[in-house]
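J.:
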Amino acid sequence: MTDDMPEGVIQTEVKAELFKSMGHPARILILEMMADGPVAVSRLRDGTGLEASNLSQHLGILRRQRLVVPSRKDGRLFYELSCSDVSEVLDAARGLLGTVLQTSGNPPAGGFQAGNLPSVARRATAGTSSRRAAAL
12 MTDDMPEGVI QTEVKAELFK SMGHPARILI LEMMADGPVA VSRLRDGTGL
62 EASNLSQHLG ILRRQRLVVP SRKDGRLFYE LSCSDVSEVL DAARGLLGTV
112 LQTSGNPPAG GFQAGNLPSV ARRATAGTSS RRAAAL
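In the numbering used here, each number is its position in the sequence shown, counted from 1, plus 11.
(1) What number of angstroms, rounded off, separates the C-alpha of residue 112 from the C-alpha of residue 103?
(2) Which residues does DSSP list as the beta-bridge partners of residue 51?
(3) Given a threshold of 16 other Cβ atoms within 10 Å of its Cβ, counted over all protein chains shown, does residue 87 qualify as buried or as exposed?
(4) Going straight from the alpha carbon of residue 66 to that of residue 56, what length do you get?
(5) Decide yes or no for the touch test of the region 74-94 against the region 24-41: beta carbon pairs closer than 8 Å, at least 3 of them.
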C-alpha cells in the first residue's frame, strides 16, 4: 500500500486481508473452538487433527491479524479470541450462511455435504457440539 492510495481503498485492502486470514476451514474451526474462552494448544491440536507445525502456522496467521492472543498458565500455552468482535463476525457468517441456504435451497458452489468437506472439517464435526458443527 502506498501513501497516494485513497483511504477507502486502503481500508478495503485491510478488510480483505482480515477476511483472507479467516478464510481457511482450519482457521475458522480454531476460532470457533475459542468462542467459549481460552483453549490449550494440545486441545486445539486434538480438535482439529492438525499436525503441530500446521497448527502453529495457522495460529501465527491469526495472531498476526490480532484475532487471537496467547497466554501461559501452569507451563501450558493457551490461545483465546482477542475480543468479542471476532466471535460476532463468526456468528454473522453463520447467519449469512443460513440465509443463503434458505434462499436458494442449495449449498453454494462446491457444496457443504460431508463427503466434500475439507478433511479438517470432517474430523472436527465428528465429535463437536452442534453449534460448532453448524458453523461449518
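Built from N, CA and C at the ideal position, the CB exists for glycine as well.
T.: On the basis of the supplied data:
(1) When rounded, the separation of the alpha-carbon atoms in residue 112 and residue 103 is 14 Å.
(2) Partner(s): 89.
(3) Residue 87 comes out exposed.
(4) Roughly 7 Å separates the two Cα atoms.
(5) Counting C-beta pairs closer than 8 Å gives three or more between the region 74-94 and the region 24-41, which meets the contact rule.
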